[in-house]
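Student:
Structure follows, in structure tokens:
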């Protein structure tokens, strides 16, 4: 057999071996691709309208938000470090504002899979827009009361949400600025929500 013929025969034999190797590699990787991790974010939020005393102009209505965040990725089924955001804003008659926020307060969260119940409690430090710091704590519960709404905005992603009621207590520098049900007249109703995405 000539060298040229041998080379051609070797080349032809290599083709099916290469194709087989590629097919095996593809079939081995396909299950892994199909089992992409599921990312989950659980959120509950509510607004209150506590009174703020302005230095000039008397009392005004403020806006207080309490919002939970629990994030995890499969195979995990829970967030080891859930947090709560607590923030406040009031605008006085002279146009000056007072605001503070505690962006990621470590919290104890409980929730049910059907979005019927969420509880959150914790304590932390808030910083205001004047450079001050304040001790805050919270103990809030959400109860889902609306029908379960399901939205699929894109392939692989889904949002489940219920309208809710919220009740609880928020302490700011030793004073209860919230103690009862959510009562903000213009902000969105309390909600419990779960977003998932692959």
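Numbering (mature numbering (1 follows the signal peptide of the UniProt record, and there is no 0)), first residue to last: -34 to -1, 1 to 164. The beta-carbon is built from N, C-alpha and C at its ideal position, and this holds for glycine as well. All figures in this text were calculated on a predicted structure; none of them were measured in a lab.
So, under 8 Å CB-CB, residue 105 and residue 87 are touching, yes? Tell me the CB distance rounded to an integer number of Å.
Tutor: The residue given as residue 105 occupies position 139 in the chain shown. The residue given as residue 87 occupies position 121 in the chain shown. The Cβ separation is near 4 Å, so the contact holds.
Student: Measuring only the C-alpha atoms, how far is residue -5 from residue 80?
Tutor: Taking the first residue of the chain shown as position 1, residue -5 is located at position 30. Taking the first residue of the chain shown as position 1, residue 80 is located at position 114. Interpretation of residue -5 is limited by its pLDDT of 44, a score under 50 that renders its predicted location unreliable; no figure is taken from the coordinates.
Student: What span of residues does the beta strand (DSSP E) with residue 70 cover, start to end?
Tutor: Mapped onto the chain shown, residue 70 falls at position 104. Unbroken beta strand (DSSP E) run through residue 70: 63 to 77.
Student: If residue 125 and residue 164 are in contact, beta carbons under 8 Å, what's the gap, nearest whole angstrom?
Tutor: In the chain shown, the residue the question calls residue 125 occupies position 159. In the chain shown, the residue the question calls residue 164 occupies position 198. Incorrect: roughly 14 Å between the Cβ atoms, too far for contact.
Student: Check whether the Cβ atoms of residue 45 and residue 57 sit closer than 8 Å, and answer yes or no.
Tutor: As a working note, residue 45 is residue 79 in the chain shown. As a working note, residue 57 is residue 91 in the chain shown. No, they are not a contact pair.
Student: Pick from 107, 85 and 68: whose alpha carbon is nearest that of residue 95?
Tutor: In the chain shown, the residue the question calls residue 95 occupies position 129. Out of 107, 85 and 68, 68 has the C-alpha closest to the C-alpha of residue 95.
Student: For residue 144, is the classification buried or exposed, using 16 other Cβ atoms within 10 angstroms of its Cβ as the cut-off for buried?
Tutor: Counted from its first residue, the chain shown places residue 144 at position 178. With 16 or more other Cβ atoms within 10 Å, it is buried.
Student: For residue 139, which option in 93, 78 and 113 has the closest C-alpha, if you only look at C-alpha atoms?
Tutor: As a first step, residue 139 must be located in the chain shown, where it is residue number 173. Here the closest residue by C-alpha is 93.
Student: Quick check: the Cα distance between residue 64 and residue 55, rounded to an integer number of angstroms?
Tutor: In the chain shown, the residue the question calls residue 64 occupies position 98. In the chain shown, the residue the question calls residue 55 occupies position 89. Each residue's alpha carbon lies about 6 Å from the other.
Student: Using the C-alpha atoms, what's the distance from residue 97 back to residue 131?
Tutor: Stepping through the chain shown from its first residue, residue 131 is reached at position 165. Stepping through the chain shown from its first residue, residue 97 is reached at position 131. Taking the straight line from one Cα to the other gives about 34 Å.
Student: Pop quiz: residue 9 and residue 35 are said to be a contact at Cβ under 8 Å. What is the actual Cβ separation, rounded to whole angstroms?
Tutor: Looking up residue 9 in the chain shown gives position 43. Looking up residue 35 in the chain shown gives position 69. Residue 9 to residue 35, Cβ: 6 Å. Contact.
Student: Judging by CA-CA distance, which residue of 136, 103 and 156 is the nearest neighbour of residue 128?
Tutor: The sequence position of residue 128 within the chain shown is 162, counting from 1. Out of 136, 103 and 156, 156 has the C-alpha closest to the C-alpha of residue 128.
Student: Can you look up residue -8 in the DSSP assignment and give me helix, strand or coil?
Tutor: Residue mapping note: residue -8 aligns to position 27 of the chain shown, counting from 1. Residue placement at residue -8 cannot be trusted, given a pLDDT of 41 that sits under 50; the coordinates are not used to answer.
Student: How would you call residue 77, buried or exposed, if buried means at least 16 neighbouring beta carbons within 10 angstroms?
Tutor: Looking up residue 77 in the chain shown gives position 111. Classification for residue 77: buried.
Student: Under three-state DSSP, which class holds residue 60?
Tutor: By 1-based counting over the chain shown, the position of residue 60 is 94. Here residue 60 sits in coil by DSSP.
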